[in-house]
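Below: the structure, in structure tokens.
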Amino acid sequence: MVDSIGVAVIGAGMAGKAHAAAWRNAPSLFAPTLPPVRLVSVCDVYGPVAAETARRFGYARHDTDWRAVAAADDVDVVSVVVANHLHREVVEGLLAAGKHVLCEKPLSDTLEDARAMASAADRAAERGIVGRIGFTYRRAPGLAAIRELVTDGTLGRVLHVSGRYWTDYGASPDVPISWRFTGAPGTGALADVGSHLTYVAEFLAGPVSSVSGGVFATAVTERPVAAGFALRGQDVPLTGERAVVENDDYATFSARFGDGTVVGSLEASRVATSHPNGLVLEVSCEHGAARWDQERPSEIGLALQSDGSRTGGYRRVVLGPDHPYVAGGMAMDAPGVGWGQNQMFEYQARAFLDEVAGVADPLPPNATFHDGVHNMEVLDAVARSAAADGALQTVAEAVHA
């Protein structure tokens, strides 16, 4: 096992702060088998934010160029949390420099770049370098509990899935234009939150094999141009100019999973007022049904046919130490304490450190870059369906660049 692990985060926005906090807290979770973790650098092109985030979370320094992180001898592990179109250059550079990389989803903004990144990760793996993508919601104890109920036969085979990821960060027409609002159809709400929804549905129902009924809509067609840098939700002076929104505020599609016998409907939005982070998933199975709501993450709804019609119906199951990730995964790991998305980032970071350090009895590993390519293949099929008036589109196999 290595003597210590130096970590850095590239990107100091909202998700970047979640990664910065996760690396700090991950060593305190579960059994204390990790080598010491050194918090080395937070990097962002906007220096003041990089410096503030580094101070806030206890990192030794800040940088403003990712190349400085790649060249640093004291950095071993790096989170990449920047705009999607920047992922390929940064990730390939870090892998070539011998850094273990945890990249935010989606893997990139184009399939060509995503496939190239997967090939780069394969080459790096031959040198013992780990490249993984952050499918954070796989770490939700409620979703992991439902998956166990499916796989151990309690719920049995999934029949159909219904899911939505409604957010409202773009609901106001006064929100300034940013990289999230530019790009081809399918790179908006679908890529941003629909990518989460897609891999979560697959986590329970298996891989998506085809999609149909793809529909995109752009509710806010123009947005003001900011005069300076601002994190999401912060006020910023405006130039008085306006820019065209290029991609989707809303996306919906139907999916077939595996051999096509399992079906589902999925919906993503960034203009759903009063839904700040509304991921909801429900599965109907041969022996019952289950549902999970991100806004109530410490519980699941469970209905079993064996309860009978007189006592059947959904019941509330409060999650606790008998469910995945809870026992040992929190300072107070008792039933009813509660947790949220921040803890999912911590479990994700801990799993990555487990893999890099080679600890015994590790957490389930993070998704591979090839899983990230598949996720983008599904999103690409949705975009093709929307462009073809909802026609059925098969999901292509992930291929190496």
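When the count follows this note's numbering, it moves up by one through the sequence shown with no breaks and lands on 402 for the last residue.
In this text, a Cβ means the ideal position worked out from N, Cα and C, and glycines have one as well.
Assuming residue i contacts residue j (C-beta within less than 8 Å), just tell me the rounded distance between them.
i, j, result
"F217", "Y251", "7 Å"
"V209", "F136", "That pair is no contact at about 14 Å."
"C44", "A51", "6 Å"
"V83", "G132", "The Cβ separation is near 16 Å, so there is no contact."
"A172", "V272", "5 Å"
Would you decide whether residue i is buried or exposed? Buried here means 16 or more other CB atoms lie within 10 Å of its CB.
i, result
"N367", "buried"
"T168", "buried"
"T1", "In the structure as shown, the chain starts at 2 and stops at 402, and residue 1 therefore has no counterpart that could be examined."
"R396", "Rather than Arg, the amino acid found at residue 396 in this sequence is Val. Buried, by the Cβ-count rule."
"G17", "buried"
"S387", "Correcting the residue identity first, residue 387 is Ala in this sequence and not Ser. Buried, because 16 or more other Cβ atoms sit within 10 Å of the Cβ of A387."
"V79", "buried"
"W180", "exposed"
"E113", "exposed"
"A206", "buried"
"S5", "exposed"
"S275", "exposed"
"D153", "exposed"
"A389", "exposed"
"R316", "exposed"
"P298", "buried"
Could you check the C-alpha separation between residue i and residue j for me, to the nearest Å?
i, j, result
"A402", "A392", "Residue placement at A402 cannot be trusted, given a pLDDT of 39 that sits under 50; what the coordinates show is reported in the next sentence. Cα to Cα, A402 sits roughly 28 Å from A392."
"R124", "I134", "16 Å"
"A382", "A244", "28 Å"
"S42", "D355", "20 Å"
"A13", "Y170", "18 Å"
"V10", "A19", "10 Å"
"G99", "P107", "22 Å"
"T34", "V3", "12 Å"
"R351", "A122", "20 Å"
"T54", "M331", "24 Å"
"F254", "M377", "15 Å"
"M333", "T199", "32 Å"
"I130", "V357", "8 Å"
"A72", "R62", "14 Å"
"R128", "D77", "14 Å"
"Y348", "L30", "8 Å"
"N278", "A117", "32 Å"
"A126", "E242", "47 Å"
"V8", "R68", "15 Å"
"P174", "D236", "14 Å"
"P49", "R158", "51 Å"
"L156", "N85", "37 Å"
"V246", "H324", "43 Å"
"A227", "F182", "13 Å"
"C286", "I301", "15 Å"
"A32", "Q394", "46 Å"
Report the option in the options whose CA atom is closest to the CA atom of residue i.
i, options, result
"D249", "V237, E223, P238, S255", "E223"
"R39", "A228, V176, W67, A21", "A21"
"V212", "P225, D260, R181, L205", "D260"
"A202", "S299, E283, E113", "E283"
"H197", "A141, D362, W67", "A141"
"S109", "G187, H161, G330, G229", "G187"
"R57", "F31, H86, A23, V82", "A23"
"D74", "A55, G59, L95, L87", "L95"
"H375", "F204, A227, D66, R351", "F204"
"L364", "F353, F370, D372", "F353"
"A256", "V176, G215, A117", "G215"
"S266", "G195, Q295, S299, E300", "G195"
"P177", "P238, A126, V318", "P238"
"M345", "A335, G359, Y326, G337", "Y326"
"L87", "V379, V46, Y60", "V46"
"A335", "H161, Q342, P322", "P322"
"Q295", "G339, V263, S285, P49", "G339"
"N26", "P49, Y60, M15", "Y60"
Pairing CB atoms from the stretch 279–293 with CB atoms from the stretch 141–148, are three or more of them under 8 Å? yes
Would the stretch 191–208 and the stretch 303–312 be scored as touching if the rule is three or more Cβ pairs under 8 Å? no
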